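Below you'll find the structure, written out as structure tokens, and then a few comments.
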Amino acid sequence: MELSRSADKDDATNVAASPRRPDIQQQYHMQSKNESKVKEDMRRISNDLEDSWKASSYANQQLKITQWKKEKLKLDVFVTSPILIDQWLFESWLAGNTAKQAATQRRAAFNNTTFDVNVISNSITRETYDQFRNFELVERYLQHPDLLDSQSLIVIEEPVFKELVKRYYAISNDIIRGLAGRKLKNRNRSSLDEACERLRIPLTVARRQFDNLKRIYTVITEKKREGKIEGKLGEAIQKTFLLPPRLAERYARNVFLCYHQIETDDKRLRFLQARDLEFFASVMMNRWTKEGSQLEIDLTFKEDLRDLRTYLLGDKNHLESFKGLVMESMRRDQVEEWKLSKLADRFVVIAKVLLNIGAGMLKSKEFEDIFEDIEEKVTDALIKMGMIEKDITRFFSSLSGQPFEAILHRLTIQTRHKQRFLSTWPKFVSALMELVLHFYSAQQAAVAGSTQSQNMSSSQGLSSTASTAPETIRRQQGSTNVLEKLSK
């Protein structure tokens, strides 16, 4: 933009001295007055732009103002809207790198090219620092995506913003494994340092994921108190934080585990991976929670299980009769006799464990240990009897099928209670069967992994000490995949 007077001094003098040209003289005075006003306006605009550039770099502004020389002003302005996001630099920022580190890496990419690095080095550095400033400005809206539409300072295209949100909330399995079921307190956040160093995970990444989970947990629990959560928990998270469906569902499952503070870091559970715990949470959320909310276990469901335990344990003959019916059903399913013999010896004990697990959901302290109880008192007990997946499936099917209906009709209780139990018990047992089967497959996978690892060590001439599974796996997996520091 260039402003200059078109008439020189001599022309102006001649025009002003000529009495026979009043129209030109008047035009000259108006032109001078207008040019003065334009100059003043341009000075004001340039000052405003310079202040804006100093205050914010969100629009990638590049401003250069030259000093006034006589009557000329040169003003160069470059503005981009919406802002441009370099995805590689964004990933580098998420990984905890500084702008200086990222710029160095970018310059190194031109070392083996025909480009003159010295020429473009300054441009790369300036662009990198500008991008990192943009990320810091955008971060607030990544943490609270619903605020983006309420402001006009930062303009980002919707597809780009959703991609940034997806990457910002990405889950690391090692980190989320250590956070599952934890109290999301600041003392746990501060204890991430040592664990991250051992697992070779950037501290920035771990803290961001901790903060992300805590933020989602806080928002969801507040909405629950206000009665604003309807439908599935994952859908509520997806709507609030603009997350992809699968990622929102993962957060929903971990929010459920943290809400109930379910123990996941016991030494017997350390062979479990993050995906295993999320599967367990999914089963409980879909089968046991009340309609319209996937955060709370249905109170009526828990009370029915408590009452059922009272009735079945009120007379020791009830469980003995139940055992006979279950054994007969499994025999018809052609389960081996030696397995049935072992099951018959332990049936009453296992049945009591199942009833106690169901009734214990009324007490938060007992519900916290549900994974330990299922793994140690149910899964391991069935494995010791020689049962495999199909045997476990037949066992639980018999528990919730015709044998249960038969024993229920023998109880002296009101018909309405029987109808409730006929609905509650199969729902409880079918979900429990899924949990036990998954525990079984996870143990088998851990044992296979341990065997392969030991074989590799032996082939390399390394000493290895044999031990029973899955205890060996629990120790190995626990030392690498769990943030043990969080439990201290």
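Letter 409 of the sequence shown, counting from 1, is numbered 409 in full-length UniProt numbering, and no numbers are missing.
C-beta: ideal position from N, C-alpha, C; glycine also.
On a predicted model such as this, the values are computed, not experimentally measured, just so you know.
Going by other Cβ atoms of all chains shown within 10 Å of its Cβ, with 16 needed for buried, is residue i buried or exposed?
i	result
ASN134	buried
LEU257	buried
HIS409	exposed
ILE388	exposed
ALA236	buried
VAL349	exposed
TRP288	buried
ARG275	exposed
LYS185	exposed
PHE210	buried
residue 557	Not covered by the structure: residue 557. The range shown for the chain is 1 to 488.
residue 574	Nothing in the structure corresponds to residue 574, since the chain is present only between 1 and 488.
ALA281	buried
What number of angstroms, rounded off, separates the C-alpha of residue i from the C-alpha of residue j?
i	j	result
ARG416	ASP304	11 Å
LEU399	ARG346	14 Å
ASP86	TYR169	18 Å
GLN101	LEU148	29 Å
PHE371	SER150	44 Å
ALA95	ASP373	38 Å
LYS93	TRP425	Looking at the sequence itself, residue 93 is Trp, so the reference to Lys does not match. Going from the Cα of TRP93 to the Cα of TRP425 covers about 51 Å.
THR412	LYS363	27 Å
GLU434	TYR217	26 Å
LEU192	ARG182	13 Å
ILE201	LEU179	14 Å
ARG126	LEU277	45 Å
ASN481	GLN131	At ASN481, the pLDDT of 42 sits below 50, so the modelled position is not reliable and the matter cannot be decided from this model.
LEU269	GLN443	10 Å
ASP333	TYR311	28 Å
LYS267	GLU375	11 Å
LEU355	ARG306	8 Å
ARG309	ARG167	47 Å
Since I believe residue j is in contact with residue i (beta carbons under 8 Å), could you give me their beta-carbon distance rounded to a whole number of angstroms?
i	j	result
LEU325	ILE407	6 Å
ALA103	MET284	In fact, because the Cβ distance is near 48 Å, the residues do not count as touching under 8 Å.
ILE83	ILE154	7 Å
GLU263	GLU366	At roughly 11 Å, the Cβ-Cβ gap does not stay under 8 Å, so GLU263 and GLU366 are not in contact.
MET385	LYS352	Contact doesn't hold; Cβ gap of about 16 Å is too wide.
ILE124	ARG140	In fact, because the Cβ distance is near 27 Å, the residues do not count as touching under 8 Å.
ASP391	VAL429	The pair is not a contact, with the Cβ atoms about 15 Å apart (cut-off 8 Å).
VAL255	ILE220	6 Å
MET330	PHE396	About 11 Å separates the two Cβ atoms, so there is no contact after all.
Hey, would you say the C-beta of residue i is under 7 Å away from at least one heavy atom of the ligand PLP?
i	result
GLU163	In the structure shown, the ligand PLP is absent, as is every other ligand, since no ligand is present at all.
Spell out a yes or no on whether the stretch 193-208 and the stretch 168-175 are touching, meaning 3 or more CB-CB pairs, one atom from each, closer than 8 Å. Verdict: yes, contact present.
Touching by the beta-carbon criterion (3+ pairs, under 8 Å), the stretch 355-370 and the stretch 398-407: no
If we require 4 or more residues per run, which alpha helix (DSSP H) segments fall completely within the stretch 276-317? Complete alpha helix (DSSP H) runs here, min 4: 299-313.
Can you list, in chain order, the stretches of the beta strand (DSSP E) that have 3 or more residues and sit fully within the stretch 134-195? Along the stretch 134-195, the beta strand (DSSP E) does not occur as any fully enclosed run of 3 or more residues.
Hey, is the stretch 214-228 in contact with the stretch 116-126, meaning 3+ C-beta pairs nearer than 8 Å? no
Do the stretch 376-389 and the stretch 307-317 make contact, defined as three or more Cβ pairs closer than 8 Å? As far as the Cβ criterion goes, the stretch 376-389 does not touch the stretch 307-317, which means the pair count is below three.
Determine contact between the stretch 419-427 and the stretch 442-452, defined as no fewer than three beta-carbon pairs at a distance below 8 Å. no
Check whether the stretch 155-165 and the stretch 238-255 touch, using three or more Cβ-Cβ pairs below 8 Å as the test. yes
Alpha helix (DSSP H) runs wholly inside the stretch 355-399, at least 4 long, in chain order: 364-367, 370-373 and 380-384
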